[in-house]
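Shown next as structure tokens:
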């Protein structure tokens, strides 16, 4: 049980901190959230700076253009950038955290050479085309179909919950290349394709969330031709290709968010002290309990990262345990914020009000809490499968 | 929406109240809870007084020796007896609330004449032999078997959670008379028998609960001969025979308990005011919330009773809704009691500590909360059955 | 004792439901929500308001001699429950309570808003304001169908109501209390009618969740066949029916403490049911197109009306003697 | 950074588990619980106590030169987690903390009790008492394996610990504080070791629930195949693993506020897991024969040790700056 950093890790942290201190003041002002081209430009410029400073693809393997950092170094990177208030990964998210690692693990040399460097440099943006209106929790039931026609696949269908689709160059797309039948279960017969977003037949429509924002989009594909050379992995093997990376989660997925929640919690305490709600024992103790909660979640993050480090990046199922607890804690945080704000919680001018709205997705996105509990029960506890 | 009582109902209440005021002071002291013969004598003497005063079998039909009272009158009876601190139904419970009504509904004239009057007079005590160690939530899987031999059934098996078995004269027993097979589902092939508790081969062993008490017993049956004339209903039709009465619940099941909980709540507030915990906003507001909760549960009781009255005693499924909420509220009540007591909550000398232990069974007994939620989802909301 | 609805009450309930379905159905609701601009300022539908007045929605409890319908609190609660189901916008409670005192309120000609603590709903649309809204500044309201203003300096603990008074008066007898034409008895009535709206919302989201759970298939079967979803829905019904008993009971007794309890339970049912409904809907529930967020936001808004959870709990505690 | 257990820590954990399985296995536990009489007064097993002393349980953190094992807080936490798993009775925390100051405590020769607020555990069995237990009267303890006394007049708020001091000392350096030989640093250490016991209990009830859910059949299949039961068990694991991260983290940092947080989460995990375990066991869980009630009662008892939930929450709030 060692929570201290090695000398090497401390050096890494010090260097990063110094670089952040020198770099962040020179950044341009953040763009308006509704200005998509502005956001892309901002996010990619930041990625380029990271690239130039040697922080791009920190945790990617060297042969993919990365720096092969340990999970601990990655944790330090995420912690320090959040503490320093650096820009978020933003539009680079899918490229850096999913499509890129997938290509790094399963792509050919040519594919890696073509797609990875632009991701690391911030030259190209990726989005994700996995979920469909009728395939959410049950992703294996996806219906977007691709038919081989010469040296291309012809793709028709629709995707949903695609972030940054408006400004993406590429989409990592899952399509059905073999119909489901008695012999072919849903997760067989899926293929992974890199779709150029400017291909004819691709239509993107912003999807408005309950928070009023359009962070996500729907994507409609009408006989879109995707070169067969853009297939990563074998035909019908896309489920495995995808899961390899989906499970390539080294405990660092929520590092920045937990750091941010702890900061929000302190801000809430300060606000409560300022507006008198601190004298309400219920509110005050709720804040105290959240202090215990997020401290524990930070320790749980360190625990999962340590596990991942020892196990060499192979996933544990600690991710589901963490996500269940974290999703709930985060919603609790903003419900408590509402108690601190009192009637002010109805005012969208408070960031906490909009954050409260966004936090409603936490128990749904990337596996509902119900699905996560199934995973914990079946895979971690070994309870018998239901029928 | 009328919560006022009719003149007739108010007269009934006034008469009852006067009788209780005159009668209760003359009762002997309550026996020690571990003195079973003493408890039987106390409970049956009380039943005899009710009988003599015309309150025995209040809600039973006249042709069963009862008074055909409406659900509202029954509610008034239960409310007033609880408010007055009258003895509980105690050892008469199964006879008055289950075995008796079953015999009244399904028994022959001879059976009704033999068994009902002694129940109403407090001369005979019944217990219930339904649950088995391996048949709890899934009662239909019971295994105690009965084989016909001449004019008797020979019964072998074991039962559990049998209250008052030590002092009972009769047991309403469910036995399997036809083995389960592909053609015979579990709930077919069950037969209802009246077992004389003094029959050779009946062994009763007290079952200690986590509260340290022995309110329940296990019963072992070793080739016990039960006359076939003691069968109520047809052979293999015992499931229906039983369910007719199990569902003959007119919303009054928890009347006394809700009244008692509201009294406990006021006592808790008084104790909190006395020991300073009242100044703790969390404790105080928890008591306030429970006030809302138990007031609502009282209204829900009145609602269910009104439904039952209009529907002529036919059950609604409001019982499951009520039980789900009430079980939880009651556990919450005693958890709040523990907060009022502080470290004193560890002292069994406080009734609230032992009541807290007993309340742990509320989400389990008579259908776990999980089973109740299934019932609500399937029967009330019409959600599709799981597989 | 017969707590169930009378035939007349059932007819009233059905009548209001039909009226609202016809005049403020789903298309009308979405049109109001999806107006032009990212955050359209909702405008009050004056024609609908008049129609509500004609139907007796506002004058429900006024004596017939004063042009009212001459009904009681239980009937008003049933009408407001329907309004909550339909997400009907506007200062319904204030206008209803002003029906006996503010000319034109009963007929729906005059729209009445009221100051409740530091918030006022629908101030710009109002012809008449109960309470002092001087200096009110607009708020970017979380509920797209409830414009809000904040009255600076009006914060602090609200509600002079303590003890267990019983309110039975019609609008005609109240409305002349201490706080700017909105007395303690009116505050209690407002709490009850708000609770009724919350109850309607809780019932509506339960139905919506059940319907979606029956239709939506994942893993080859309706999600409503999974115990996890079944049990979410079952708990929604339990919350709704408990709140219903509390609200109807409080309507019959008119007891101020019982009304505080009804508001507490109805607030809880409305907010938690909306959240569970959202959870059952999964990703679709997170979209603007689904109605569930409208229920949640309105439920949050109503929960802030007096008495808020904290205030209700204190009132209910103080009454424990 | 490597938060995982070292090989040595793993070996220690396994060693303590084996020791307790051999010396205080299920039969021994039940014999202690099911002694003669309805409420047998548990007696302390002195031979076991000496054996624990020999194994270094009490002197774990004493320097080797003082006859101790020379290990740190993380190791002590692992040992106490095992004690919590096994429901090991006796004033373990007090004796462990007295190891450096009370002669014979380290070896298990001297049994040490301590006054915590108004309660003292195992007073009659103790050779030495930390704090003033004058006038203590016996209590009918809810936990059959934890005899309790109440010290009249000792009630009121406990714990002079505020701020975020860090405790790193071994027993030798503490034990001489303000409150009757039990200083603030010791109180914090006691909280941490209590949290470790709660963690052990939470883990044990999770395992018990999972095992029962796999074996028990109803409706023709193991109850663990029903989502409702699956999800109860999953939430038990989530509570346990969150508490584990909190307790282990607090053991490494020794931070007083972090320890309060660890106690809060471990108390919650132990109590709620015991209740969920009981629920999974159904009727069988309600029997005296099942062990689950012993976990619940002990968890309740430990939750009352300083800091109780309310005290911990206040400490954690005050630290938010």
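Chains as they are written, first to last, in our numbering: chain A, 1283 to 1669; chain B, 1283 to 1669; chain C, 420 to 740; chain D, 420 to 740. All C-beta atoms in this analysis are idealised placements derived from N, C-alpha and C, irrespective of residue type, glycine included.
In this model, residue 537 of chain C and residue 1626 of chain A are separated by some 9 Å (Cα to Cα).
Judged by DSSP in its simplified three-state form, residue 1514 of chain B adopts strand.
When secondary structure is reduced to three states using DSSP, residue 649 of chain C falls in the helix class. In terms of Cα proximity to residue 1434 of chain A, the closest of A/1506, A/1309, A/1294 is A/1506. The Cβ-Cβ distance between residue 1384 of chain A and residue 1473 of chain A does not fall below 8 Å. Against chain C, the CB of residue 645 of chain D has a partner CB under 8 Å away; the residue lies at that interface.
Residue 468 of chain C and residue 523 of chain C have their alpha carbons spaced roughly 11 Å apart. When secondary structure is reduced to three states using DSSP, residue 480 of chain C falls in the coil class, being assigned neither helix nor strand.
At a cut-off of 8 Å between beta carbons, residue 560 of chain D contacts chain B. DSSP places residue 1441 of chain B in the strand class (E or B) of the three-state scheme. Buried is the label assigned to residue 1458 of chain A, since at least 16 other Cβ atoms lie within 10 Å of its Cβ.
The continuous beta strand (DSSP E) containing residue 1484 of chain B extends over residues 1484-1489. When C-beta atoms of the region 640-649 of chain C are compared with those of the region 1533-1542 of chain B, fewer than three pairs fall below 8 Å, so the two segments do not count as touching.
An exposed status is given to residue 1633 of chain B, since fewer than 16 other beta-carbon atoms sit within 10 Å of its beta-carbon.
If you draw a 10 Å sphere on the C-beta of residue 441 of chain C, you find fewer than 16 other C-beta atoms in it, and that means exposed.
Shortest Cα-Cα distance from residue 1613 of chain A to any of C/698, C/449, C/464 involves C/698.
Bounds of any alpha helix (DSSP H) do not take in residue 1446 of chain A, whose DSSP letter is neither H nor E. Between the C-alpha atoms of residue 1355 of chain A and residue 545 of chain D there is a straight-line separation of about 50 Å. Residue 1635 of chain A and residue 1617 of chain A have their C-alpha atoms some 9 Å from each other.
In the displayed model, residue 1297 of chain A falls within a helix according to three-state DSSP. Contact note: residue 700 of chain D does not reach chain A at a C-beta cutoff of 7 Å; the least C-beta distance is about 15 Å.
DSSP places residue 1641 of chain B in the helix class (H, G or I) of the three-state scheme.
Among the residues facing chain A, residue 1652 of chain B is not included, as its CB has no counterpart in that chain under 8 Å away.
Cβ contact annotation for residue 437 of chain D (same chain, cutoff 8 Å, sequence separation greater than five): none. The Cβ-Cβ distance between residue 1574 of chain B and residue 738 of chain C does not fall below 8 Å. With a cutoff of 8 Å on beta-carbon distance, residue 1422 of chain A and residue 1521 of chain A are scored as near each other.
For residue 1564 of chain A, the nearest CB of chain B lies under 8 Å from its own CB, placing it at the interface with that chain. Apart from sequence neighbours up to five positions away, the residues of its chain that approach residue 1417 of chain B with a beta-carbon distance below 8 Å are 1423, 1424, 1425, ordered along the chain. For the C-beta of residue 1656 of chain A, the chain D residues within less than 9 Å are, from N- to C-terminus, 646, 649, 650, 653. Only those residues of the region 617-632 of chain C whose C-beta falls short of 7 Å from the nearest C-beta of chain B are listed: 629, 632.
Within the same chain, Cβ atoms closer than 6 Å to the Cβ of residue 1320 of chain A are found at 1313, the five residues on either side in sequence being excluded.
If you check the CB distance, residue 1642 of chain A and residue 707 of chain C do not come in under 8 Å.
Residue ranges of uninterrupted beta strand (DSSP E) with 3 or more members are absent from the region 1595-1638 of chain A; none lies entirely inside it. Within the region 663-691 of chain C, there are no complete alpha helix (DSSP H) runs of at least 4 residues. Remark: C-beta atoms of residue 1570 of chain B and residue 732 of chain C approach each other more closely than 8 Å. Taking residue 1361 of chain A as the centre and dropping the five residues before and after it, the same chain places the C-beta of 1537, 1541 closer than 7 Å to its C-beta, in chain order.
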